[in-house]
Every structure is written in structure tokens, then in C-alpha cells.
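Enquirer:
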Amino acid sequence: MIAGILMTSLTFVALFISVVAYFLHHRRGEEALLRLGRLAFYTSVVLIFAQAILLMWGILTHHFEWIYVFSYSSKSLPLYYLIATFWAGQEGTFLLWLVFGAIYGLILIRHRRDDEALVMTFMNLVQAFIVMILVKKNPFTYVWEINPAGFRAGISPLDGNGLNPLLQDPWMTIHPPILFAGYSSTMILFAFAMSALIKRNYDNWVRPAFPYALFAGMTLGIGIILGGYWAYTTLGWGGYWGWDPVENSSLIPWLISLGLIHGMVIQRRQEGMKRSNVFLALSSFILVLYGSFLTRSGVLTDFSVHSFGESELNTYLVGFVGLFLLIAALAFIMRTREFKGQKIQSEFFSRENFMLLGILVLSILAIFTFIGTSSPLLTGLFGTASNVSINYYNSLAGPLGIILAAFIALAPLMSWKRDSRDKLKSVIVHAVLALLGGIAAFFLGIKDMIPLLILILSVFLILINGEIVWRTASKGNWNFGGYLAHAGIGFMLIGILTSSVYDRSTKVTLPLGVTTEVMGYPLQYNGKLSSPDGKDKVLIDVASKTTYAKFYWSDYSQAYMVAPSVQNMPLQDLYISPIQIIPANETMTNHQTITLQKGIPFEFEGNRLTFTGYEMGEHGMNAGDMQIAAVITFVNPGSYNEQIIKPGMRMIGQKREYIPAEFPGNGRTILLEGINVESSSISLAVSEPAGANQASAGKELLAVEVSVKPLINLLWLGTLLMFFGFLTALTNRLRKQPL
Amino acid sequence: MNPKYIVGGLIIVVFTVWAAVSFNSSLTPYVSIKEAKERGDVVQLKGARLDQGAFNIQTNMFTFQLGDEASGEQIHVIYDGPKPGNFDQATHVVCVGRYEDGAFHATDLLVKCPSKYQEEGTKI
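Going line by line, the protein sequences match chains Y and S.
Per the working numbering, residue 1314 is the first one in the first sequence, and the count goes up by one each step.
Per the working numbering, residue 425 is the first one in the second sequence, and the count goes up by one each step.
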């Protein structure tokens, strides 16, 4: 669509003009340049919003002639997933970044007078480079321009490719926007730090940038957890965090942003940490870029389950990361000798010292996660590309978690600067309670050293920080955001520990209609439920309560899609993830086959079976499917009672499914194996009477992985507390000190 | 000397050493089938899927044949778990595990499918 593409190009021009004008205004101070810079920026804002609205409109009204709409949506999608289509692909996420960037820019211009020029120079520089990606790969391009052989020019395709079924999840409608709000907010930190470096003023940027750092920490954190929650409830592999490159690439900048927040607090108190804070601010942004390079460029397709595919943007993205790394590194190195910070000469047992050590631990975790994530690239330099396994991350995260929990517990007790060892006495009760909690946990089964220590320290830190929150709030003071967030982290640590280190899981096969006891829960597989949208479900009764798990074939992904049934209980989750449906005929291990002629009685083990005819069923059928059952009268000479059994089969597309019947009196299974129309005969498979697998022989089986996740609710609770902590800190700060 | 430098330095040194050790021990190199047979330690193996495989309900194991396209070498893979849902559509399979007693015992399977999601852009 020419208007769309034109708008993208004009956005680039506008941003380019804005960068030059703002920068020249900084150098020369001419008012006309400032006005031009703003005008160009406002123009870019209008253009960006117009493109976003245009794309959203195109998606909602099915403009399949646009490559983006064609690639990621289809007519069958409901409204909320159509909206989610906006950020289903690369171009859309970049546009989303631009929208957030435009909003941040408007806020910055409104509130910054003195450093507007330089901050906006760098904001717009980043924005311009993102737009350049869209110029290269534009969502409004006509499909026939990309693929002239496949599409006739001027004719809109009737339907689109559709949205990846994995992304068709309610959480996917809010997870990406929040995460991208966080990603793009690191651009503000970068811009502030760069302007500090250029102006050689390393003090003034901290105050205005602090709320943005809080915002970045909050949105990245929430975005990451939402992503984990989505993985947990949708992907069905049983967890919420897998140290996957995609996950790591948002974790790393988050850890750095947390370090930066604390560093800024120290700098404002103590005049120290000047160089580190600039460095952390620059890194948070560079690491976001690096992360999106890793996950989008296709470098890691062999190592990640859910990276985006190979893309022609590879070289461009490498150049993009490289350029900004170069800009940041050069500016930092050129100025590095000029930082004249106060050396922090505090006692060891002082608040700032424990905060410093905490920042150190956060940075170490970030650095080693970074190294692990980049391992295919790093090892590729020296030989065959290798990837580290999850063990690497877990073995580091455990000990670092212990130290971090200890610092979070102790730092709030300490006073600034002076030695506050005496304060330790005030938390003896807390320590005793935490130890008692640890002893209880030991007898409940947490018997490993590292988890036990993390648990005790987490309880300790929750008690200490919680008490501070309580005392501050009861005075009507809102100055408790940080402590609330820390208490939240404590709960999260415990929840992560219990649900991922002490989860129990087992693989079982559930025969259709038979109750099996698994980990104390009676489970029963009750068959499939076809859904009009094609996302068929399997019914699993948990203690007679019907639950659903998704299990269906996706043409889009050419794979079976699985979504678990998650039963949330106060103390634990029961997580049932379907693996496979094993059809009835494959489970008939020992059986004999008998053939019945229509109307002719057949003697079988003393019973008389007569095949009388067929019954066609239409129950819950889709067009093209058919169901047929053989009607057999069954007479046992002992009872002279006539019974009718109806083994049948169902044809769904090309697939055949068996509807087993039960052998009257002894529970053996009868399957209708074959039908011969010409000789009007049928063949039946009858399972052997006694066998180890009698309960499941001839029955359709659902193979599932059943796991129990103890106390996972603490993780979600901790996340909420952390979020409210951030929110309180942010609003409290904005109330006292406007942007 | 301020004890904070000692503590900080100690944290850095201990974790760097610890990270280096766990980095090396958890590194799973990508190797060819031939190499995997020779090495016997935990590796990642990528190869072409040669058959549909078979799942044994009793042992809960899934077995299949993996082949090297370049050398034509084959390996028998035993995976402790069910057949992955999209296995039959896969062209290539990445297996993580080790070679032992004439077969590759995989703890992880990564199925590489020609999916539409990855074909966006030029190849519609």
C-alpha cells in the first residue's frame, strides 16, 4: 500500500531531520533549530500513530493484500486475536516499539526543558534506526510484490495464513505490549546516559531518569512473568521458565535495570556510583538490542525452540547492535577518566554497602546469563558451536539467589554510611522465625542445602521488609514501595523453589473411561470433544470434576498443539499435559480375531453372537466424517438373556477411530476391526480374558504427563506484590517530584 | 582495606570460577553421528529423520533412526518419552543425549519442521 510505505519513509526522514536539528541546537543553541527538531519529531509521532492505526485497521478489515495481514491473520480469528496479530510478527513489534517511543518522546518534551535537545537526539536516533528496519521490511507491502509468482497483482487473497496457534492465548494479547513498553523504555535510559556523557555532567541526569528506570524495571519484570505464565498455561511443557534465549534476552536487561535503580539511589545519597550508573544505563539498552538481535536474526534457530526463523534482516540487525554498541562504548571510554565521583567511604555494615554488593550480584547473574545465552556464538568462534544446558544457569542461580536474599534481608536494616551492626539485634525474632520455617520445610521434604538456605533467607527477608512496609504504611506514609517489591521477590523465590525444584511429575497412560489414581488424584480420561474452531479438547476428570486440556492438530504449525489442564488449588497446582492419544487398536496387545456372517450365529467360548446389521451415527459429526457400528446380539446360554453390543468405528477425515464395546459379563474389550461389504461379514478383535493390561487392552489411551507444583501460588502472589511495590514507588516519586 | 572490597572480590572470583566450571561441564557440543559414537559424552546431534519411529507403551520409550545426510551414517535413537506430536512432519531432529551400548539415548528431542511461521516473507 503506497500510502503506508510512504508514511514509513517519511517517518524516517522526519526523525532524521529531528536528530540533526536537535543536535545542532545543542551545539549552537539556535531557537529555530529547537523548533525544527520538535516539529520534525511531532511529525514522526503523527506518522507513527497513523501507521499503527492503518495497520490495525488493515488487520481488522482483512486487507490480505498486505503482506503483514496475510502472513499473520485470517478471517476466522476473533476480535481480540486480530488485535494481538498486531504484534505477532517482527514488523508489528517494531511498530509497537515506535509507538511507545513516540509516547515517551512526547512525555520527555513536555517535562524536560534543559536537556531536551540531547535526550531527544538519541531517542530519535534509535527510533530512526527502527524505522529503517520497517522501510526495509514494510508491513504494508503487497503480497504480489514479495511473491509475484504466487499472487496476481491487484487481487487480494481470500484469506490469510492465520495466527500461530501458540499465540492464540488471552495472555498473548497483553504480554508483548507490556514487554515492549519495557524494552523501548531502556531507550530513554540510554538517551539520558548519552546526554550525560556528552555534557560531562554526571549528576543531573539521575533525578529525571530515575522514574523511567523504575518504569523500565516494572514493565520488564511484569512482561517477563506474564510470558512465563503464558508458557506455563499454554505450552504444556510443565514450567514457566526454561532459560531459553528468548526469555534470557529479556531477563538480562531487567537485572541490569534493577541494578541501575539501586545505583541511582546510592548516587543521589552518596554522590558515588556515577560511572557505574552511566554504564548500567547504556548496557540495559544495548542488551535489549543484543537480545532482539539474538532472537530475531535466526542465529539461534538450532538452539531455541521459539526463536523467530531465519531472516534477511540478519546483517542489518548485527549492524544496528554494532553501531549503538560502538557509539555507547566510544562515548563511555572517552569520558571514563572524567568521572569525579565521591569514593563511597562507608562502613561495611551500612546500607549502601549492602546495596552495592546486591548490584554486584545482580550484575554477575546478568553477565553469566548473557554468556550462557551467547554460548553458541562464543564457542562458534573457537570451534563447533555449542550450547550450554539448563544446568549451567540453575547451578549459578541457586548460590546467587542465596547471597541476594541475604542482602535484600539485611540492607533495609542498615543505616546509611555508619556501622549499623547493632541493628542486627532487632531482627533476632525474625531470624528465629525464619529458622523455624526452615526446620518445618526440612521435615516437609526440602532437604537440599541450597534450596533450604534460600527458603530460610526468603522468609527472613519477607519478615523484615514486610514489617517495614507495615510500619511505614500504618503511619500513612507511602514511602514503602521498594520494601514491598523486595517482599514480593521473597515470595517469588519461595514459589519458584517449591514449584520447580520440588515439583513431582510422572508420565502415565489413562485408559478411556477408567479411573486411575495418579499422585493421589483419581483421574479419568473421558474422550475427545471437538470444537468448532478446530481446537479439540480432551476431557480429563479430576476427582469427578471435568477439566479440559487442548490437544489438536494444527495445519498452521504442522504439529499437534497441546495446552495443559491446570487445576489451581490453594497449596499446589495439578498440571496435566496431554502427550499423545494411542488409538484403541494399538493397545490390543493380545487378542483373537473372529469373523461373523450377517444373520448366522457364531459360537464363541460358549456364547452365541449374531451380527444383525449396521447402525449409522451422526452424533457430533463434522461434514465428511462418518460413524458406523455393528449391531450384534449376544446370548449367554447360562442366563438366556439377550444383550445387544455395538462395537463401531468412526472415520474422521482419513483417520479411523474405534468405538470399543464391552464383552458382557467380564469386561473384555471388543473392537470392530473390519467390514466386508461384499460378503456382508465383519471381523471383531476380542481381547484375551486375563492379562496384565486387561483394564487398558483395547481401550483408547491418553498418555499424559501429570505434575504437582507445590506453592506455585506464592510465585504469582510475589509477582503481584512486586508489581504494586514498583507502582507505589513510582507514583510516590511522581507525587513528590514531578517528571 | 575495606572489607567490602574483599567480600565483593571474593564473590566475583568464586562465581567466575564456578561459572567457568559449570559452563564447561554443561556445554553440549553439536557433533556428527560419527563423532557422537566416538565420544560417548553428552552431545547434541542433528540429523535427518529416517522413519516414523515406534513407541513402546510398556517402557514408555520412543525409538527411531537418525541419519547423517552427508556421510550416510545412521544411528538408533532411544528417547525416554512419547513420540513428539509433530515428529512425522519433521525433516530433521536434534537430539540431546549420549551414545551408549550401541544406541543414542536422548534426553531431549527438538523437532525441526518446515513450518509456515518460518517461511514468512519471501517464500510464501
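Each residue gets a CB set at the ideal place from its N, CA and C atoms; glycine is no exception.
Bear in mind that the values here come from a model prediction, so they are computed numbers and not experimental data.
Is the CB of N1627 of chain Y under 8 Å away from at least one CB in chain S?
Expert: So, not an interface residue.
Enquirer: Do you know how far the Cα of S1708 of chain Y is from the Cα of S1687 of chain Y?
Expert: Going by the C-alpha atoms only, they are around 17 Å apart.
Enquirer: Residues in its own chain within less than 6 Å of I1400 of chain Y by CB, not counting five upstream and five downstream?
Expert: Per the sequence shown, residue 1400 of chain Y should be read as Trp rather than Ile. Here the set comprises T1406, L1409, P1489.
Enquirer: Which residues in chain S sit within 8 Å of L1669 of chain Y, going by Cβ to Cβ distance?
Expert: In chain order: K428, G432.
Enquirer: What residues from chain Y crowd round K461 of chain S, counting only those whose CB sits closer than 8 Å?
Expert: Result: empty, since nearest Cβ-Cβ is about 16 Å, beyond 8 Å.
Enquirer: Using three-state DSSP, classify T1406 of chain Y as helix, strand or coil.
Expert: Correct three-state label for T1406 of chain Y: helix.
Enquirer: Measuring CA to CA, which of Y:M1445, Y:Y1542, Y:A2010 is closest to N1881 of chain Y?
Expert: Residue Y:Y1542 is the option with its Cα nearest to N1881 of chain Y.
Enquirer: Helix, strand or coil for E1344 of chain Y per DSSP?
Expert: E1344 of chain Y: helix per DSSP, three-state reduction.
Enquirer: With a threshold of 8 Å between beta-carbons, can F439 of chain S be considered close to chain Y, or not?
Expert: Cβ-Cβ to chain Y under 8 Å: yes for F439 of chain S.
Enquirer: Residues in its own chain within less than 7 Å of F2099 of chain Y by CB, not counting five upstream and five downstream?
Expert: Because chain Y spans 1314 through 2052 in this model, residue 2099 of chain Y falls outside it and cannot be assessed.
Enquirer: Counting beta carbon pairs with one atom in the region 1778–1785 of chain Y and one in the region 1839–1855 of chain Y, are three or more of them shorter than 8 Å?
Expert: Not touching, per the Cβ criterion.
Enquirer: What does DSSP give as the partner residues of L2022 of chain Y in its beta bridges?
Expert: One point to set straight first is that residue 2022 of chain Y is Lys, not Leu, in the sequence displayed. According to DSSP, which records beta bridges pairwise, K2022 of chain Y is partnered with Y:D1886.
Enquirer: According to DSSP, is G491 of chain S helix, strand or coil?
Expert: Looking at G491 of chain S - three-state DSSP - the assignment turns out to be strand.
Enquirer: Determine, for T452 of chain S, whether the minimum Cβ-Cβ distance to residues of chain Y falls below 8 Å.
Expert: So, interface residue.
Enquirer: Three-state secondary structure (DSSP) at T515 of chain S?
Expert: Coil, per DSSP.
Enquirer: With DSSP as the reference, label N1989 of chain Y as helix, strand or coil.
Expert: N1989 of chain Y: strand per DSSP, three-state reduction.
Enquirer: Can you tell me which of the three DSSP states E1379 of chain Y falls into?
Expert: In the sequence as displayed, the identity of residue 1379 of chain Y is Trp instead of Glu. The answer is strand: DSSP assigns W1379 of chain Y an E or B state.
Enquirer: Is there a C-beta anywhere in chain S that falls below 8 Å from the one on N1898 of chain Y?
Expert: N1898 of chain Y does not count as touching chain S.
Enquirer: Going by C-alpha to C-alpha distance, which of Y:S1878, Y:T1454, Y:S1497 sits closest to G1414 of chain Y?
Expert: When only C-alpha atoms are compared, the closest one is Y:S1497.
Enquirer: Based on the DSSP secondary-structure assignment, which residues constitute the bridge partners of M1700 of chain Y?
Expert: According to the sequence shown, residue 1700 of chain Y is Asn rather than Met. N1700 of chain Y is bridged to S:T452.
Enquirer: To which residues does DSSP link F1947 of chain Y through a beta bridge?
Expert: Note: F1947 of chain Y sits in a beta bridge opposite Y:L1922, Y:Q1956.
Enquirer: Using CA atoms only, rank isn't needed, just tell me which of Y:Q1885, Y:M1668, Y:H1743 is closest to I1809 of chain Y.
Expert: Closest by alpha carbon: Y:Q1885.
Enquirer: Taking only beta-carbon positions, decide if K458 of chain S is within less than 8 Å of chain Y.
Expert: Taking Cβ atoms only, chain Y never reaches closer than 8 Å to K458 of chain S, which makes this a no.
Enquirer: Find the nearest neighbour of A1876 of chain Y within the set Y:T1900, Y:L1479, Y:V2021, judged by alpha-carbon distance.
Expert: Nearest of Y:T1900, Y:L1479, Y:V2021 to A1876 of chain Y, Cα basis: Y:L1479.
Enquirer: Compare the C-alpha of G1794 of chain Y against each of Y:A2042, Y:A1747, Y:P1764 and name the closest.
Expert: Out of Y:A2042, Y:A1747, Y:P1764, Y:A2042 has the C-alpha closest to the C-alpha of G1794 of chain Y.
Enquirer: Taking a Cβ distance cut-off of 7 Å, strictly less, list which residues of the region 1656–1667 of chain Y are near chain S, in chain order.
Expert: So the list reads F1661, N1666, given in the order they occur along the chain.
Enquirer: So which residues of chain S does Y1705 of chain Y contact, with C-beta pairs closer than 7 Å?
Expert: In chain order: S446, F447, S450.
Enquirer: Which bits of chain Y does I436 of chain S rub up against, with CB to CB less than 8 Å?
Expert: Neighbours of I436 of chain S on chain Y, chain order: L1673, I1677.
Enquirer: Which two residues bound the contiguous alpha helix (DSSP H) that contains F1683 of chain Y?
Expert: 1664–1686 is the extent of the alpha helix (DSSP H) around F1683 of chain Y.
Enquirer: Helix, strand or coil for M1964 of chain Y, going by three-state DSSP, please let me know.
Expert: Reduced to three states, the DSSP call for M1964 of chain Y is strand.
Enquirer: Kindly indicate the opening and closing residues of the alpha helix (DSSP H) around N1627 of chain Y.
Expert: Per DSSP, N1627 of chain Y belongs to the alpha helix (DSSP H) from 1627–1648.
Enquirer: Drop a sphere of 10 angstroms on the beta-carbon of F1621 of chain Y, count the other beta-carbons inside from all chains shown, and report buried for 16 or more, exposed for fewer.
Expert: Because F1621 of chain Y sits at a pLDDT of 46, beneath the cut-off of 50, its placement in the model cannot be relied upon, and the following sentence gives the value as read from the coordinates. Counting Cβ neighbours within 10 Å, F1621 of chain Y comes out buried, since at least 16 surround it.
Enquirer: Would the beta-carbon of H1575 of chain Y fall within 8 Å of that of I1680 of chain Y?
Expert: For H1575 of chain Y and I1680 of chain Y, no; Cβs fall outside 8 Å.
Enquirer: Could you confirm whether any beta carbon from chain S is found closer than 8 Å to the beta carbon of T1546 of chain Y?
Expert: Output row for T1546 of chain Y: interface = no.
Enquirer: Using C-beta distances below 8 Å, list every residue in its chain close to T1713 of chain Y, excluding the 5 sequence neighbours before and after it, in chain order.
Expert: Just to set this straight, residue 1713 of chain Y is Leu in the shown sequence, not Thr. Hits under 8 Å: V1674, I1677, L1678.
Enquirer: Could you tell me which residues DSSP puts in a beta bridge with I1894 of chain Y?
Expert: Its beta-bridge partners are Y:L2015.
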